[in-house]
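The structure appears right after this line, and notes come after that.
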Amino acid sequence: MIKVITYGTYDLLHYGHIKLLERAKALGDYLIVGVTADDFDKKRGKINVSQSLMERIEAVRATGIADEIIVEEYEGQKIDDIRKYGVDIFTVGSDWEGKFDYLNEYCKVVYLPRTEGVSSSEIRTAQAGVRLGLVGDSLFLNKVYNETAFVNGLKVYALCTNNSELTDGELKRTELITNSYDELLENVDAVYLRSLPSEHYEQIKKALDCGRHVLCESPVTVDEAQCEELYALAREKKLILMEAIKTAYSTAFARLLLLIKGGSIGNVISVDATCTSLKQYAGTIRTDWNGIYEWGPTALLPVLEILGTGYKNINMIAHFEDDEHLHDSFVKMDFLYDHAVASIKVGDGVKSEGELIISGTKGYIYVPAPWWKTDYFEVRYENPDDNRRHFYQLDGEGIRYELVAFVRAIERGSQISNIDEAVTFKMAEIMKEFENRENVTVI
Ligand code: CTP
12 MIKVITYGTY
22 DLLHYGHIKL
32 LERAKALGDY
42 LIVGVTADDF
52 DKKRGKINVS
62 QSLMERIEAV
72 RATGIADEII
82 VEEYEGQKID
92 DIRKYGVDIF
102 TVGSDWEGKF
112 DYLNEYCKVV
122 YLPRTEGVSS
132 SEIRTAQAGV
142 RLGLVGDSLF
152 LNKVYNETAF
162 VNGLKVYALC
172 TNNSELTDGE
182 LKRTELITNS
192 YDELLENVDA
202 VYLRSLPSEH
212 YEQIKKALDC
222 GRHVLCESPV
232 TVDEAQCEEL
242 YALAREKKLI
252 LMEAIKTAYS
262 TAFARLLLLI
272 KGGSIGNVIS
282 VDATCTSLKQ
292 YAGTIRTDWN
302 GIYEWGPTAL
312 LPVLEILGTG
322 YKNINMIAHF
332 EDDEHLHDSF
342 VKMDFLYDHA
352 VASIKVGDGV
362 KSEGELIISG
372 TKGYIYVPAP
382 WWKTDYFEVR
392 YENPDDNRRH
402 FYQLDGEGIR
412 YELVAFVRAI
422 ERGSQISNID
432 EAVTFKMAEI
442 MKEFENRENV
452 TVI
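Taking this note's numbering, the leading residue of the sequence shown gets 12, the next gets one more, and so forth.
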């Protein structure tokens, strides 16, 4: 009996897949199909697969062509499988020509002709063509623009800015460049806002009133009531309003939260997060945000996600770089909960070690600097033998995953944010308190 094996993602199964499976089966008597696990796809940079592993397996099973279906979970597994199942022929489509020649050592390798004119990527793009408009003067928009290239079903179509540094760069390829927000809204399906936080409320309201989805850099607003009003409006209009904090979409951070919820460090007693940067404003006008806006939401994220929004009091200490107290360069916030404490240090003009430490009754979690774009953390215990290290691939600082979540939410027509709404509202409230200098001591 000749055993054949082939692998693939088989997302939104199409006739190109079926042809390939038929040809693979015809090479022998018994066909094993390896379907890639979600995590494995993510690791190899395929992040926008539409269907779950179970759905994809079901689709392959329904073709009736495979004699056996297995899951591909790790790099190097193909060699293991070939040995384990006694495979005679390994085959894939010609788009992989040459890539698997190293398997010739273990079995025969055959590249089958790929069916022209169809692919999962094309189907995904055709299914959801979201035209995105970028708004703001921050150079950060360049990063977002570059990351959209990795996200199917999303295309940057317009840019609304007053910053010529942006329009001179890569973003000049954008079809529509304007300084009129109204004109931008007329030409897109969704907006990504990186404008100043004080502008968010009006811009979000306008976008929602025009039937546009919104992805907005945190803080969504600098007022809790306004924030709640906007989320209610989005719900009423069946539109997506999502807060953008890229760290919330990093796999390591998401897994860390799950481990804590699962009790791996016992009860959390303290959360300490530090985020700082020294920026060069060499000659350019400040088109970006002040310290508290730049880093506050990111540093607050682990505190509010882990300990909740029900703290008993908050104390803020701020240092400003100007006599008018307009530009804060360092802020420390201390939170008191019934059974825990938390502290964040954020600086846009002061430098410190950007680590995150979550202390619990059984152990603690240590995330080294810069924790907000980490692919790694450690769970540490009294006995070092029990310590565990966790690595997760992080592509595009999380921005890519955030954009994928936004497109998914639009496709499904339901909010699927990694950030609790209560956390979003609380962040807006804290920002307002800071603006009003409530509970703030200036040093
Ligand atoms: N395949 C094929 N003809 C196509 C598309 C895919 O023969 N038109 C083959 C691939 O060569 C591979 C298998 O089907 O052997 C599974 O491919 P997969 O990567 O799941 O499908 P794609 O449509 O190429 O997916 P994507 O667009 O996400 O890369």
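Here a beta-carbon is modelled for each residue, glycine too, at the ideal position from N, C-alpha and C.
Remember, it's a predicted structure, so these values are computed and weren't measured experimentally.
Roughly how many whole angstroms lie between the Cα atoms of residue i and residue j?
| i | j | result |
| --- | --- | --- |
| lysine 437 | proline 230 | 10 Å |
| glycine 424 | phenylalanine 101 | 41 Å |
| leucine 9 | isoleucine 76 | Residue 9 lies beyond the residue range present for the chain, which begins at 12 and ends at 454; the question has no answer from this structure. |
| isoleucine 317 | threonine 385 | 18 Å |
| glutamate 127 | leucine 244 | 45 Å |
| glutamate 305 | aspartate 359 | 7 Å |
| glutamate 84 | threonine 47 | 6 Å |
| leucine 24 | glutamate 228 | 35 Å |
| aspartate 148 | glutamine 214 | 14 Å |
| phenylalanine 331 | aspartate 234 | 22 Å |
| glycine 294 | isoleucine 303 | Model confidence at glycine 294 stands at a pLDDT of 40, short of 50, so the residue's coordinates are unreliable and nothing is read from them. |
| tryptophan 107 | proline 395 | 44 Å |
| phenylalanine 161 | isoleucine 410 | 10 Å |
| lysine 248 | alanine 420 | 14 Å |
| alanine 439 | proline 308 | 9 Å |
| isoleucine 251 | glutamine 404 | 27 Å |
| threonine 8 | proline 208 | No information on residue 8 is available, as it lies outside the stretch 12 to 454 that the chain covers here. |
| glycine 273 | valine 279 | 12 Å |
| threonine 298 | asparagine 198 | Confidence at threonine 298 is low in this model, with a pLDDT of 48, below 50, so the placement of that residue should be treated as unreliable; the coordinate-derived value is given next. Each residue's Cα considered, the two are about 25 Å apart. |
| threonine 189 | asparagine 163 | 25 Å |
| leucine 268 | serine 275 | 10 Å |
| phenylalanine 151 | glutamate 240 | 28 Å |
| lysine 257 | leucine 195 | 24 Å |
| aspartate 179 | asparagine 173 | 12 Å |
| arginine 223 | alanine 201 | 5 Å |
| leucine 32 | valine 60 | 20 Å |
| alanine 433 | leucine 311 | 13 Å |
| tyrosine 375 | valine 451 | 30 Å |
| serine 288 | glycine 365 | 9 Å |
| leucine 70 | aspartate 406 | Leucine is not the amino acid found at residue 70; the sequence shown has alanine there. Straight-line Cα distance between these residues: approximately 29 Å. |
| tyrosine 348 | glycine 319 | 9 Å |
| methionine 12 | tyrosine 41 | 7 Å |
For residue i, report the span of its beta strand (DSSP E) as first-last.
| i | result |
| --- | --- |
| cysteine 286 | 279-288 |
| arginine 391 | 387-391 |
| methionine 12 | Premise fails: methionine 12 is in no beta strand (DSSP E) and is neither H nor E. |
| histidine 401 | 399-402 |
| tyrosine 21 | It is not in any beta strand (DSSP E) - tyrosine 21 carries neither H nor E in the DSSP assignment. |
| serine 370 | 367-371 |
In terms of residues, what are the limits of the alpha helix (DSSP H) holding residue i?
| i | result |
| --- | --- |
| arginine 205 | Careful: arginine 205 lies outside any alpha helix (DSSP H) and carries neither H nor E. |
| glycine 27 | 26-37 |
Report yes if the C-beta of residue i is less than 7 Å from at least one heavy atom of the ligand CTP; otherwise report no.
| i | result |
| --- | --- |
| threonine 74 | no |
| tyrosine 21 | yes |
| glycine 164 | no |
| glycine 39 | no |
| isoleucine 107 | The sequence shown places tryptophan at residue 107, rather than the isoleucine named in the question. Tryptophan 107 Cβ: within cutoff of the ligand CTP. |
| valine 31 | Sequence check: residue 31 is leucine here, not valine. Because some heavy atom of the ligand CTP lies under 7 Å away, the Cβ of leucine 31 counts as near it: yes. |
| arginine 55 | no |
| arginine 125 | yes |
| glycine 27 | yes |
| glycine 104 | yes |
| serine 131 | yes |
| threonine 17 | yes |
Let me make sure I understand the geometry here. Which of the options has the alpha-carbon closest to that of residue i?
| i | options | result |
| --- | --- | --- |
| isoleucine 368 | Ser354, Val361, Gly360, Glu83 | Ser354 |
| arginine 448 | Tyr375, Ala329, Thr435, Trp383 | Ala329 |
| tyrosine 322 | Met344, Asp339, Pro308 | Met344 |
| glutamate 446 | Pro308, Ile251, Leu337, Val279 | Leu337 |
| aspartate 334 | Tyr377, Ile441, Phe417, Ile454 | Ile454 |
| proline 313 | His401, Cys286, Arg94, Ile251 | Cys286 |
| histidine 211 | Arg266, Tyr192, Asn198 | Tyr192 |
| valine 351 | Tyr392, Thr178, Ser281, Leu311 | Per the sequence shown, residue 351 should be read as alanine rather than valine. That would be Ser281, whose Cα lies nearest to the Cα of alanine 351. |
| tyrosine 387 | Val415, Glu364, Ala265, Thr159 | Ala265 |
| threonine 185 | Val415, Val167, Asp78 | Val167 |
| phenylalanine 402 | Glu366, Ser261, Val451 | Ser261 |
| glutamate 422 | Lys36, Leu165, Phe111, Lys110 | Leu165 |
| phenylalanine 346 | Ile325, Ile93, Arg391 | Ile325 |
| serine 130 | His28, Ile58, Ala169 | His28 |
| isoleucine 90 | Glu116, Ser105, Asp78, Ala70 | Glu116 |
| valine 363 | Gln237, Ala380, Cys171 | The question names valine, yet the displayed sequence has serine at residue 363. Per the Cα distances, Ala380. |
| glutamate 79 | Tyr96, Ala137, Lys216, Asp397 | Tyr96 |
Looking at the C-beta of residue i, does it have a partner C-beta in chain C at a distance below 8 Å?
| i | result |
| --- | --- |
| aspartate 339 | Annotation note: the requested chain C is absent from the structure, which comprises a single protein chain. |
In chain order, each alpha helix (DSSP H) run of at least 4 residues that lies wholly inside the segment 106-164 = 131-138, 151-159
Go through the segment 296-363 residue by residue and report every complete run of the beta strand (DSSP E) that reaches 3 residues or more, in order.
-> 324-331, 339-347, 352-359
Length at least 3, wholly inside the segment 196-262: the beta strand (DSSP E) runs in chain order = 201-204, 224-228, 252-255
Length-filtered (3 minimum) beta strand (DSSP E) runs lying within the segment 66-106 = 79-83, 100-104
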